[in-house]
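In what follows, a single structure is set out as structure tokens and then discussed.
Residue numbers (my numbering): 11 to 585.
Right, dumping it as structure tokens:
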């Protein structure tokens, strides 16, 4: 079924509508400023799931398809900050910078919390340049480098605000750093400056910063610009010259764009900007970025060694190996066509120990390929032309592939122990959230169908049940005792609200349709909803988007909680 393009000649359009597979909109996304700011939100966004739930509850499900019912705009469930003004400050000193002890905290914080997932910047080179900048006050870096420095500090300052780093004091002003970077790197850049890798990095870092402050629509649009800039430079194409480490920097920059594109395409419910057929790059080497170390250089410059190392990571997962193989479009001649010589060379390359070297990025990329393929198969407009049997088969296949991915994940990356002192805790919980969000995207159509049709079928019922169980497992990642500082320290803090709201939306759909689910599934589901809302409530003390999300959940359950068979304690006092 993977990659199948066959269509049923007489597809059941009504069933596809129940699935949510017809990705059209009845809403004019140019009708008012709030909807314009939010932008189009598609079928695989949790905001659409919540909007449909609200519409069904308000209408009492008077009609099977929700028609003939006046519902509020989908913007009513938008808990992000898209309509907020973020115009860069004009009265900032473009050449200003904080004291070094503040800058050190911010730069180190960025590389500790963001870089392993988003390796856009070549760490060693940048840190050397950064130290030179602060040690030599006569040094005058070009404005693009200063823009990158300020964006790194803006992102880290935003994170520091969330974890309550009061020691940064008045210097914790991410808007100032962002404004400085904007005037240095974005204002008029398309018209006045030639394109280079630094400009791509500026655009991508700006998109990341906007995501971190809840400006998801603007973030998505700006990331599309960064991706186009990268393609204009050929970053998505393999380099013939592998003698230097620079191609590896370019590879990692591209995969950073790929990872951010995956997150935003799910949040927005839009198709990915990067297509699989548009990339001929190898996967990044699963090693820290000291590209001067001889054994790392040998893996960079020897394609056979690179392939052996990456293959060893995915050795026991045929599905992952198949996905990796589709990227191998490189010309053997550029590395030497004599395979015996290549094998002999690779035999003398000292092995890197992946588990100690950062292979989590490889697992994230592989899982993202699976997620993107599922989105393109299950949520694209053409899905409406497929029969439910075809769709159901695809869902089962994707679900099995996701389980296979997890079964081959090294135990060091299992989210069984999430204490901060444990090794790889950031990688563990990051991979766990990404695994569960992939499963929810794959399985949600079955939950949707279960709530729309009286007899959805046994396979659909089983998969819908699994969807609810996955949502509960995602909430189980959070400790019972709420600690938002811990949450923002060890999770993908820039999008953790999205993950929690995605699972919460599935649980809310389940609690209001518990009569359709097996009783064993609904045991404890009320407690999971309460737990999720408690966490969102505490997050709302730090983050405006979380505050909106908490108010939405509170209002939903206040208005419709009487329809439930059990009471959910909302803790209605203001957090």
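Glycine included, each C-beta is placed from N, C-alpha and C at the ideal position.
This one's a predicted model, so the numbers in the text were calculated from it and none came from an experiment.
Could you work out which residue in the options is closest to residue i when comparing CA atoms only?
i, options, result
"residue 3", "533, 97 and 555", "Residue 3 is absent from the structure shown; the chain starts at 11 and stops at 585."
"residue 279", "84, 559 and 113", "84"
"residue 525", "457, 488, 480 and 197", "457"
"residue 134", "519, 574, 259 and 543", "259"
"residue 377", "414, 425, 93 and 404", "414"
"residue 563", "551, 578, 552 and 553", "578"
"residue 399", "466, 191, 122 and 380", "466"
"residue 223", "41, 172 and 87", "172"
"residue 502", "122, 527, 110 and 294", "122"
"residue 219", "158, 197 and 385", "158"
"residue 92", "230, 107, 113 and 510", "230"
"residue 523", "88, 475 and 380", "475"
"residue 89", "500, 442, 277 and 115", "277"
"residue 191", "103, 120 and 529", "103"
"residue 404", "164, 389 and 63", "389"
"residue 387", "154, 510 and 406", "406"
"residue 165", "152, 156 and 183", "183"
"residue 4", "410, 264 and 453", "Shown here, the chain extends from 11 to 585; a query on residue 4 therefore has no answer."
"residue 189", "207, 178 and 162", "162"
"residue 492", "536, 542 and 396", "542"
"residue 615", "402, 546, 204 and 385", "Residue 615 is absent from the structure shown; the chain starts at 11 and stops at 585."
"residue 527", "41, 434, 487 and 460", "460"
Tell me which residue opens and which closes the alpha helix (DSSP H) that residue i is part of.
i, result
"residue 400", "398-417"
"residue 541", "535-549"
"residue 147", "Segment: none, residue 147 is in no alpha helix (DSSP H) and carries neither H nor E."
"residue 192", "184-195"
"residue 586", "Past the edges of the chain, shown from 11 to 585, lies residue 586, and the structure says nothing about it."
"residue 377", "370-388"
"residue 119", "110-123"
"residue 234", "226-242"
"residue 47", "43-48"
"residue 66", "56-69"
"residue 219", "207-222"
"residue 472", "468-486"
"residue 512", "506-521"
"residue 563", "554-570"
"residue 495", "494-500"
"residue 393", "Careful: residue 393 lies outside any alpha helix (DSSP H) and carries neither H nor E."
"residue 532", "529-532"
Any idea if residue i is buried or exposed, counting beta-carbon neighbours within 10 angstroms, 16 or more meaning buried?
i, result
"residue 455", "buried"
"residue 432", "exposed"
"residue 301", "Any answer about residue 301 is weak, because its pLDDT of 45 lies below 50 and its placement is not dependable; what the coordinates show is given next. Buried, by the Cβ-count rule."
"residue 195", "buried"
"residue 80", "Its pLDDT being 40, under 50, residue 80 is placed unreliably in this model, and the value from its coordinates should be taken loosely. Answer is exposed; the Cβ neighbour count stays below 16."
"residue 148", "exposed"
"residue 412", "buried"
"residue 14", "At residue 14, the pLDDT of 40 sits below 50, so the modelled position is not reliable and the matter cannot be decided from this model."
"residue 478", "buried"
"residue 101", "exposed"
"residue 225", "buried"
"residue 470", "buried"
"residue 94", "exposed"
"residue 275", "buried"
"residue 533", "exposed"
"residue 99", "exposed"
"residue 369", "buried"
"residue 508", "buried"
"residue 424", "exposed"
"residue 556", "buried"
"residue 573", "exposed"
"residue 54", "buried"
"residue 409", "buried"
"residue 66", "buried"
"residue 255", "Model confidence at residue 255 stands at a pLDDT of 49, short of 50, so the residue's coordinates are unreliable; what they give is reported in the following sentence. Classification for residue 255: buried."
"residue 105", "exposed"
"residue 167", "buried"
Assuming residue i and residue j form a contact by the criterion Cβ under 8 Å, report the distance between their Cβ atoms to the nearest whole angstrom.
i, j, result
"residue 48", "residue 169", "Contact flag wrong, Cβ pair sits at about 25 Å."
"residue 444", "residue 374", "6 Å"
"residue 538", "residue 485", "5 Å"
"residue 271", "residue 283", "5 Å"
"residue 506", "residue 497", "6 Å"
"residue 217", "residue 236", "6 Å"
"residue 56", "residue 515", "4 Å"
"residue 566", "residue 64", "7 Å"
"residue 87", "residue 61", "5 Å"
Hey, is residue i's beta-carbon within less than 8 Å of any beta-carbon in chain B?
i, result
"residue 573", "No chain B appears in this structure, which consists of one protein chain only."
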